[in-house]
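Step one of this worksheet: look at the structure below.
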Amino acid sequence: MNMRLLNDTATVALADQGQGRAFLLLHGGAGPASVAGLATALSAKARVLTPTHPGFNGQPRLRGCASAGDLARVYLDLLERMDLKDVIIVGNSFGGWVATEMALLAPRRLAGIVLLNAVGIDGVIVDPVGLAPAERAAKAFHDPQRYSLAPASPEAAAIMAANHAALHAYAGQPFMHDPTLRARLAELQVAALVAWGASDGIVDVAYGRRLCDSMPGAAFALVEEAGHFPHIEQLPQVLDLIDDFSRAQML
64 MNMRLLNDTA TVALADQGQG RAFLLLHGGA GPASVAGLAT ALSAKARVLT PTHPGFNGQP
124 RLRGCASAGD LARVYLDLLE RMDLKDVIIV GNSFGGWVAT EMALLAPRRL AGIVLLNAVG
184 IDGVIVDPVG LAPAERAAKA FHDPQRYSLA PASPEAAAIM AANHAALHAY AGQPFMHDPT
244 LRARLAELQV AALVAWGASD GIVDVAYGRR LCDSMPGAAF ALVEEAGHFP HIEQLPQVLD
304 LIDDFSRAQM L
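Mapping the sequence shown onto the working numbering, position 250 (from 1) lands on 313, and the numbers just tick up by one.
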């Protein structure tokens, strides 16, 4: 994990893998580990930048960074400092919301956005934080028996609690959405793909279709036998979707 300077006093933790077209991969409330497999797979053909949101995994919060829009500005500043253009942003859950804010703010720097079970447009969302680990897994995965969301140690439990606190600092009120986002997305000027795990019990398929319908020309892909993390349960299919989308933006 590298540290990238944002200004004279602020840095962001950033994993930088692979070579080729630049992808910015934004995790949700489950933290950077939830997109690590996707980052590794994408980096076989592309350059993949995976930041850890400030406040997650022990990283310090940034002063004045208190919303999805604020995070979007942080990451746009990062792309500008790295002189990266034609970037494709891939965002899961809360990370997808940040991706949409980035696309609205700086469409000319981006080639497109891929939203994996993203949130942000309304509050029809199940908050999994108060659920027992087995209940959370049942909401999050198509096949919850294969995945454990129980922390493996007291240290892991402390990190998880801190991550949840950071997420709620960014998106707790109103919970995981901005009432203005859906209307603003009508002005989106970049290509968008919405890929949705069909078995998501946190944000359902109807939510995904509403999100897709909010963006001019956006495409929707249903990922069967996957929940809130389609890139974990159906990684090969999600890779194919991202690859096809990326190729289309080069035409």
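Idealized CB from N, CA, C, for every residue including glycine.
Exercise. Going along the chain, which residues of its own chain have a beta-carbon closer than 7 angstroms to the beta-carbon of Ala135, five neighbours each way excluded?
Worked result: Here residue 135 is taken as the residue at index 72 of the sequence shown, counted from 1. Once the five neighbours on either side are set aside, the close Cβ partners of Ala135 are Val161, Glu164, Met165, Leu168.
Exercise. How many Å lie between Tyr270 and Phe292 at the Cα?
Worked result: Residue 270 sits at position 207 when you count from the first residue of the sequence shown. Residue 292 sits at position 229 when you count from the first residue of the sequence shown. The alpha-carbon atoms of Tyr270 and Phe292 are separated by roughly 15 angstroms.
Exercise. Can you tell me the Cα-Cα spacing of Gly118 and Ala181, whole angstroms?
Worked result: Working through the sequence shown from its first residue, we reach residue 118 at position 55. Working through the sequence shown from its first residue, we reach residue 181 at position 118. If you take the alpha carbons of Gly118 and Ala181, they lie about 20 angstroms apart.
Problem set entry | Rounded C-alpha distance that separates Asp133 from Gly127 | Locating residue 133 in the sequence shown gives position 70, where the first residue counts as 1. Locating residue 127 in the sequence shown gives position 64, where the first residue counts as 1. So the alpha carbons of these two residues sit roughly 8 angstroms apart.
Exercise. For the alpha helix (DSSP H) that contains Asp276, what are its first and last residues?
Worked result: For the purposes of this step, residue 276 is identified with residue 213 of the sequence shown, where counting begins at 1. Element bounds for Asp276: 268-276.
For this session: Determine the burial state of Asn226: buried for a count of at least 16 other Cβ atoms within 10 Å of its Cβ, exposed for fewer.
Result: Locating residue 226 in the sequence shown gives position 163, counting from the first residue. Per the 10 Å Cβ criterion, buried.
Exercise. Roughly how many angstroms lie between the CA atoms of Ile176 and Glu198, to the nearest whole one?
Worked result: On the sequence shown, residue 176 is found 113 positions in, with the first residue counted as 1. On the sequence shown, residue 198 is found 135 positions in, with the first residue counted as 1. Each residue's alpha carbon lies about 31 angstroms from the other.
Problem set entry | C-alpha distance - His205 paired with Ala289, whole-angstrom precision | Indexing the sequence shown from 1 puts residue 205 at position 142. Indexing the sequence shown from 1 puts residue 289 at position 226. Near 5 angstroms, if we compare the C-alpha coordinates of Ala289 and His205.
For this session: Could you check what DSSP says for Pro279 in three-state terms: helix, strand or coil?
Result: Here residue 279 is taken as the residue at index 216 of the sequence shown, counted from 1. Of the three classes helix, strand and coil, the one that applies to Pro279 here is coil, per DSSP.
Problem set entry | DSSP state of Ala85 mapped onto helix, strand, coil | The residue given as residue 85 occupies position 22 in the sequence shown. Here Ala85 sits in strand by DSSP.
For this session: Using a threshold of 8 angstroms, state whether the C-beta atoms of Arg145 and Gly186 are closer than that.
Result: Residue numbering aside, residue 145 sits at position 82 when the sequence shown is read from its first letter. Residue numbering aside, residue 186 sits at position 123 when the sequence shown is read from its first letter. Residue 145 is actually Met in this sequence, not Arg. Going by C-beta atoms, Met145 is not nearer than 8 angstroms to Gly186.
Problem set entry | Per-residue DSSP class, three states only, for Thr163 | By one-based count along the sequence shown, residue 163 stands at place 100. Reduced to three states, the DSSP call for Thr163 is helix.
For this session: Just the C-alpha distance for Ala78 and Leu274, rounded to the nearest angstrom, thanks.
Result: As a position in the sequence shown, residue 78 is number 15, starting the count at 1. As a position in the sequence shown, residue 274 is number 211, starting the count at 1. If you take the alpha carbons of Ala78 and Leu274, they lie about 29 angstroms apart.
For this session: Report the option in Gln236, Leu147, Ser97 whose CA atom is closest to the CA atom of Gln82.
Result: Taking the first residue of the sequence shown as position 1, residue 82 is located at position 19. Among Gln236, Leu147, Ser97, the Cα nearest to that of Gln82 is on Leu147.
For this session: Quick one: grab the DSSP three-state call for Ile188.
Result: Taking the first residue of the sequence shown as position 1, residue 188 is located at position 125. Ile188: coil per DSSP, three-state reduction.
Exercise. What number of angstroms, rounded off, separates the C-alpha of Leu251 from the C-alpha of Pro217?
Worked result: Translated into positions along the sequence shown, residue 251 becomes position 188. Translated into positions along the sequence shown, residue 217 becomes position 154. Approximately 43 angstroms between the Cα atoms of the pair.
Problem set entry | C-beta contact flag for Leu88 and Leu101 at 8 angstroms | As a position in the sequence shown, residue 88 is number 25, starting the count at 1. As a position in the sequence shown, residue 101 is number 38, starting the count at 1. Closer than 8 angstroms, so yes.
For this session: Within the segment 179-232, note down every full alpha helix (DSSP H) run reaching 4 residues or more, in order along the chain.
Result: 196-203
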